[in-house]
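To start, the structure itself, in structure tokens.
Residue numbers (UniProt numbering): 1 to 781.
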């Protein structure tokens, strides 16, 4: 036998002798006056005792400041005390005192060091097996599970948690949820049930759609053992001898800062476990959670420290009722029906201060509840599977509630960067019930009972914004993304076009918000580089893609908007140029706009679409070619394909402006051949060549619920409506395919309130929950 094992066995023998001594005291002195007990005898080898105080229920509110009340049954108070607490109790005036066997002393408890045996769920693990099981979860499911050490205690034992999510260890727009168990070391049912829950979630991912959705949409954290020193007080090989308090004989569930009684309501310094979990909560952004207890069968919801209810009391009653009702429906009669048929307001049962539940709700804005799930604290291992069957559906229901209510992302109006903002419901929130958006995503999650609410978003350096009449339904998710403005000028601009040709002019329009007092435009590649005018007209001479920048300022502040490659100047093409891939070309005869074409020409040019499914549209702006019968002299021939063997679709001459020419779908190319004879010439032609979609710019040939009006649209904008199919996203593209505007939504209508582009023809694409629809949009300013 090695030295460490010998020491552990010797310690166990001493504790057994002391337990026999204490049992003798329990038997011999159970009904004695409290002053007849000698603290030296009671606390010879244990840090805490368990007892009853008959007829003490009326005194519970002041007793809770002296001892750790476990529960109240009728007029009897059941409680724990350390030696320091017991000595205070002896001089408090209490007389009746009944020493009871400690709930953690269960000599026949079944424990295994084999993780495989523990995972059959009818054994408690040794401490080492517990660590191995937690590590194995992460090793077996590395894509959705990671193991985290919250802290290592002076004993060497660890506060462990697994994180479960589809992109584990990536911060996403998902609510964070926390289950933690056994903060009282002798209340072990939650310890095993949360271990079982981890296994259940991991093994059912991509098997059960409900579990898959939970993991894909929630950042789940589970800490099965919050007080390992208490649970393994009897040594790492057994949970027999488990104690409520930690290694320093402090009740961890009385050791947290309290909303009513201040930072140290129990008079003790913060314990290592308390500090670790407070730091953990500060580092994370938990939205909802629960801590598991034993000794009763009831959902205990906030507050524990105040007689008044929370702002969200109706929501708390709903989720508590759901937990209790579901547990009752899957268990024998009499299970989970304590107090108000399985639920209670904490203070209405008995007051505690320094509890974890109130700390998380008040100081961390996390909706945490206390789940008392077994009357027996240290449940026989043979009953663990039964209690899993009673509770696991309720555990899933409660976890799923974090998805409901109002959710969204708060960002800066100008930069789009996420913001930390307070989300406050005026006339509703009180006692720190507001929530905050969090970085790095800017997401917020407000859990609410069904109703209509006005949400105000407040952030340092920004103007408050209230979103009114937000409708919330039970078990439903409402999305409200919010942009906050700091009051400074907000740059925004549009232009008469984003694509033109050498020598073309573009007019720009300052659409900035915030009433700018001054502005400065910067035009890359233009004939004038800067302007302070609100609507400057700028000429571009050289082909290329050019940036545009607008700087604006007002009395509060300034901002700058730069759009890369906003203006495209397409090169001019002349008959005889090599083939080119383009969907936007200005096309001339051989001498362009400056003179007539030549005699005896035989020139060819082919254009290719950037997508073979697109068709070419040729629109002539001027046309003058020597006229002759059947265009037998000079002629421009247009072929529906990549060369002159393709079908001839036009033979043109004369000085009448031809109609638009469209190539056929699937060709993806158009070829021009120009021939001239030895006599007479004309001034030639100028044409614009663009691409249309394969179906043309028109409504799709299927039922289309989308309505756009007015169309043509003017400066006042237009509305898009889809009554039976919510709009998700819209996009507006010009005829060259360049996107000029986009927006997201989640409702049946969308107002586009201002002119979003210059005059012209555009393609409007509307994505709804059921399909994608395309419309022709005309804008007339």
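We treat Cβ as the ideally placed atom computed from N, Cα and C, and that holds for glycine.
Predicted model, so just to flag it, every value in this text is computed and none were measured.
When the options are compared against residue i, the one with the closest alpha-carbon
i           : options            : result
residue 659 : 142, 248, 688, 497 : 688
residue 371 : 70, 560, 294       : 294
residue 425 : 460, 268, 465      : 465
residue 693 : 613, 652, 38       : 613
residue 430 : 374, 492, 193, 363 : 363
residue 738 : 673, 568, 601      : 568
residue 90  : 410, 75, 63        : 63
residue 559 : 653, 490, 448      : 490
residue 261 : 502, 301, 337, 305 : 305
residue 77  : 87, 522, 99        : 99
residue 661 : 279, 493, 618      : 618
residue 230 : 251, 211, 220      : 251
residue 505 : 761, 247, 570, 442 : 570
residue 709 : 779, 117, 519      : 779
residue 682 : 717, 742, 706, 600 : 600
residue 274 : 355, 123, 453      : 355
Assigned exposure category for residue i - 16 Cβ within 10 Å defines buried
i           : result
residue 308 : exposed
residue 228 : buried
residue 749 : exposed
residue 636 : buried
residue 253 : buried
residue 752 : buried
residue 282 : exposed
residue 476 : exposed
residue 186 : buried
residue 486 : buried
residue 240 : buried
residue 703 : At residue 703 the pLDDT is 43, less than 50, meaning the model places this residue with poor confidence; the figure from the coordinates comes in the next sentence. So residue 703 ends up on the exposed side.
residue 533 : exposed
residue 126 : buried
residue 189 : buried
residue 81  : buried
Identity of the residues DSSP links to residue i by a beta bridge
i           : result
residue 760 : 779
residue 50  : 80, 100
residue 298 : 372
residue 691 : 616
residue 743 : 730
residue 685 : 623
residue 572 : 586
residue 607 : 580, 670
For residue i, three-class secondary structure by DSSP
i           : result
residue 798 : Nothing can be reported for residue 798, as the shown portion of the chain is limited to 1 through 781.
residue 774 : strand
residue 446 : strand
residue 192 : helix
residue 276 : helix
residue 383 : helix
residue 521 : strand
residue 350 : coil
residue 183 : coil
residue 410 : strand
residue 768 : strand
residue 560 : strand
residue 232 : coil
residue 204 : helix
residue 536 : coil
residue 345 : strand
residue 662 : strand
C-beta atoms of residue i and residue j nearer than 8 Å
i           : j           : result
residue 299 : residue 323 : yes
residue 92  : residue 33  : no
residue 583 : residue 609 : yes
residue 249 : residue 104 : no
residue 165 : residue 144 : yes
residue 331 : residue 390 : yes
residue 622 : residue 685 : yes
residue 402 : residue 175 : yes
residue 381 : residue 110 : yes
residue 224 : residue 191 : yes
residue 644 : residue 604 : yes
residue 457 : residue 420 : no
residue 498 : residue 219 : no
Any non-hydrogen atom of the ligand SAH closer than 7 Å to residue i Cβ
i           : result
residue 397 : As for the ligand SAH, it is missing from this structure, which has no ligand bound.
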